[in-house]
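**Q** Structure incoming, see below.
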Amino acid sequence: MNDYYNYERITGEVTEFNRNWGGYFVAVENGNVIGAGGGGMIDDGIGELFVLYLDPDRRNEGIGTKLLETITQQQKVEYGAKEQWVSVQKGNRKAIPFYEAKGFKFRHEKIPPQNPEYIKLRYSRLI
Ligand SMILES: CC(C)(COP(=O)(O)OP(=O)(O)OC[C@H]1O[C@@H](n2cnc3c(N)ncnc32)[C@H](O)[C@@H]1OP(=O)(O)O)[C@@H](O)C(=O)NCCC(=O)NCCS
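Everything in the sequence shown is counted per numbering that gives the first Met the number 0, starting at 0 for the first residue and increasing by one.
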């Protein structure tokens, strides 16, 4: 966890963006961040959603849908994406129905060599 969400890394992620990391998009209400997400291009014409998180009390209100739509527009319009990928941890019952409802299809499993217990499921859709 600390590898992903330490101060230096997050500071870099909110101040620098390019086609490989398009920056964070945030949902804000009354000055409070209630959701955040971001992605980038992983190949010519192929984007990926890297992060998408909601305040746990604000799920299922359509906020994740809006964040995903905004990130998808960035990848299509600015970077010419025609396809979009996402990784989901195996067994994530909150995220998998969401992505399937958005048209993502399961493609294959990926077992990270350093963390073989964290099996990732790779999903993709045409955009
Ligand atoms: C996954 C997550 C980002 C979705 O955001 P959200 O704001 O709750 O989702 P929305 O309200 O926009 O959309 C819910 C959609 O998923 C579908 N959905 C959600 N749970 C479902 C379920 N159990 N069965 C079927 N469909 C489901 C809904 O039908 C809806 O689709 P629709 O808009 O086409 O009707 C959010 O729940 C979250 O933060 N989860 C925990 C963190 C996480 O797992 N992030 C993903 C890491 S890869």
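For every residue, glycine included, the Cβ atom is placed at its ideal position computed from N, Cα and C.
1. Give every residue of the same chain whose Cβ lies closer than 6 Å to the Cβ of W84, excluding the five residues on either side of it in the sequence, and list them in chain order.
2. Taking 8 Å as the cut-off, is the CB of P96 close to at least one heavy atom of ligand 1?
3. Pairing CB atoms from the stretch 32-44 with CB atoms from the stretch 57-73, are three or more of them under 8 Å?
4. Can you give me the Cβ contacts of H107 inside the same chain, cut-off strictly under 6 Å, excluding the 5 residues immediately before and after it?
5. Between the C-alpha atoms of I45 and D56, what's the straight-line distance to the nearest angstrom?
6. Do E12 and W20 have their beta-carbon atoms positioned less than 9 Å apart in this structure?
**A** A quick look at the data gives this:
1. E47, S123
2. P96 Cβ: within cutoff of ligand 1.
3. Yes: at least three Cβ pairs fall under 8 Å.
4. Once the five neighbours on either side are set aside, the close Cβ partners of H107 are R121.
5. Near 32 Å, if we compare the C-alpha coordinates of D56 and I45.
6. yes
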